[in-house]
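Take a look at the structure below.
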């Protein structure tokens with residue numbers, strides 16, 4: 335398991351977005367992100383840094399309309415990359431969780447790389463926008479990621495009133511949780527972490 339390259343390169347082209355994305359699960363947290371949305375770039379860079387994933391994303395989307403298609407399609411592409419890079423999920427720890435403070439905000443993130451797509455999202459965000467980014471798109475991103483990656487993901491805001499801090503805590507917590515979940519379990523490096531024998 336330790337000699338296997340856990341990397342993926344995905345291209346996704348629709349009438350709304352054109353995306354090129356590369357992901358290395360065993361990187362150092364380097365990111366080069368250009369989605370056309372500054373706030374989304376920042377969140378992906380934070381996720382990459384805290385997950386120790388190397389991530390390159392280039393997206394050209396219909397941002398003149400809004401950031402909805404760009405946010406959702408980047409998440410779909412990232413989910414596909416995680417699914418591809420994880421291969422048959424042999425040797426992974428599978429579960430990860432993080433209780434992450436960001437100033438006055440406190441967010442719980444827990445992930446199971448289960449093969450079953452589910453998002454439990456309990457995070458009211460007081461403001462409708464951070465800059466020109468619609469805050470409801472944070473949930474859209476997480477939903478699209480879960481759907482294509484096959485993650486079970488729970489996000490709960492326990493405290494916070496600053497929209498930027500709340501969403502930032504989500505993405506940092508996601509990175510940290512996924513870092514735990516994709517890590518190789520040295521004692522079970524050649525086993526699939528399920529009694530079914532498959533995920």
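In the working numbering, the protein residues as written are 335 to 533.
Think of the CB as a built atom: it goes at the ideal place given N, C-alpha and C, for glycine as much as any other residue.
- Relative to the Cα of residue 338, the nearest Cα in the group 370, 424, 478 belongs to 424.
- Secondary structure remark: continuous alpha helix (DSSP H) runs of at least 4 residues inside the stretch 354-425, in chain order: 372-385, 402-419.
- In this structure residue 348 is in contact with residue 407, their Cβ atoms being roughly 7 Å apart against a cut-off of 8 Å.
- Within the same chain, 381, 384, 385 come within 6 Å of residue 509 by CB-CB distance, once the 5 residues on both sides are set aside.
- Nearest in C-alpha terms to residue 340, of all of 426, 499, 410, is 426.
- In the displayed model, residue 513 falls within a helix according to three-state DSSP.
- The three-state reading of DSSP puts residue 482 in helix, counting H, G and I together.
- Sequence-distant Cβ neighbours of residue 367 in its own chain, meaning closer than 6 Å and more than five residues away, are 375, 378, 379, 391.
- DSSP places residue 442 inside the beta strand (DSSP E), whose first and last residues are 439-446.
- Annotation for residue 494: no beta strand (DSSP E) segment contains it, and DSSP assigns it neither H nor E.
- Inter-residue distance for residue 514 and residue 352 is about 31 Å (C-alpha atoms, whole angstroms).
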